[in-house]
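Per my numbering, the sequence shown runs over residues 18 to 211.
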Amino acid sequence: MPVNLDDPRVKRTRELMLQSFMGLLEQKKNIYSISIQDITSYATVNRSTFYAHFQDKYAFLECWMSDKFRKIVELRLTDYTLTGTDDLRTLIQVTFEFLARLRQYMTPGDVQFEPIFEVAIQKEVERLLLRWLHEKVGEQASIAEGMIEPIAKVISWGIFGSAVQWSRNPKQRTVEAMTRDLLAVAITVLEPVN
18 MPVNLDDPRV KRTRELMLQS FMGLLEQKKN IYSISIQDIT SYATVNRSTF
68 YAHFQDKYAF LECWMSDKFR KIVELRLTDY TLTGTDDLRT LIQVTFEFLA
118 RLRQYMTPGD VQFEPIFEVA IQKEVERLLL RWLHEKVGEQ ASIAEGMIEP
168 IAKVISWGIF GSAVQWSRNP KQRTVEAMTR DLLAVAITVL EPVN
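So this is what it looks like as structure tokens:
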């Protein structure tokens, strides 16, 4: 039976497991050596509780990365919401900075989890863009509702893909230069909803 994510007990339990993982990460300094048993023991919950919340370690790691990225974005964006191009610029810059920082702390054994983390971050970027575009379009009859999702996907993958490539060799260009250029492209893609 799936858990109700709005239930305060569920939220507390998930938060406890995520905090336990962070504690273990500080101790072990790598992700690959942390097992589900380690997480549940540290959090003082049983394995069945873990599996009631997460399908497996990979689902847990995706949730952990989404949560971590969301918290960083929340520090820079009011109400975790985009309201205009300044906020879009901030989101682009945060994504670049976050991926660069993440890559610095990855150990060789953790590289196997990179695709999971990347998917989690891209989904968060897309979610923010979708919400913003739905609010932005609002009552505009001239914009087909079917355009919003493709636009959000194109921009989110553009931001994310560029940030991933840049984070592999950040010395080529500055975050500011990448942000400026990517924002110009995103604004062009957004033209149908402006």
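Even for Gly, the Cβ is constructed at its ideal location relative to N, Cα and C.
>> For Leu78 and Lys45, I'd like the C-alpha separation in whole angstroms.
In response: Here residue 78 is taken as the residue at index 61 of the sequence shown, counted from 1. Here residue 45 is taken as the residue at index 28 of the sequence shown, counted from 1. Near 16 Å, if we compare the C-alpha coordinates of Lys45 and Leu78.
> Considering only C-alpha positions, which residue in the set Lys170, Leu41, Leu207, Gly178 is nearest to Tyr59?
Replying inline: The sequence position of residue 59 within the sequence shown is 42, counting from 1. Residue Leu41 is the option with its Cα nearest to Tyr59.
> Would the stretch 126-139 and the stretch 88-99 be scored as touching if the rule is three or more Cβ pairs under 8 Å?
Replying inline: Output reads no: the stretch 88-99 does not touch the stretch 126-139.
>> Tell me the residue span of the alpha helix (DSSP H) that contains Gln139.
In response: Walking along the sequence shown from the start, residue 139 turns up at place 122. In the DSSP assignment, Gln139 falls within the unbroken alpha helix (DSSP H) covering 131-154.
> Alpha carbon to alpha carbon, how far is Trp183 from Ile165?
Replying inline: On the sequence shown, residue 183 is found 166 positions in, with the first residue counted as 1. On the sequence shown, residue 165 is found 148 positions in, with the first residue counted as 1. The straight-line gap from Cα to Cα measures roughly 27 Å.
> Which residues in the same chain as Arg31 place their Cβ atom closer than 6 Å to its Cβ, once the five residues preceding and following it in sequence are excluded?
Replying inline: Here the question's residue 31 lines up with position 14 in the sequence shown. Around Arg31: His70.
>> Just to confirm the assignment, what range does the alpha helix (DSSP H) spanning Tyr75 have?
In response: Against the sequence shown, residue 75 aligns to sequence position 58. Following the DSSP letters along the chain, one finds Tyr75 inside the alpha helix (DSSP H) bounded by residues 74-93.
> Short check: CB of Leu116 to CB of Leu108, under 8 Å?
Replying inline: What you label residue 116 is simply residue 99 of the sequence shown in a count that begins at 1. What you label residue 108 is simply residue 91 of the sequence shown in a count that begins at 1. Cβ atoms of Leu116 and Leu108: not closer than 8 Å.
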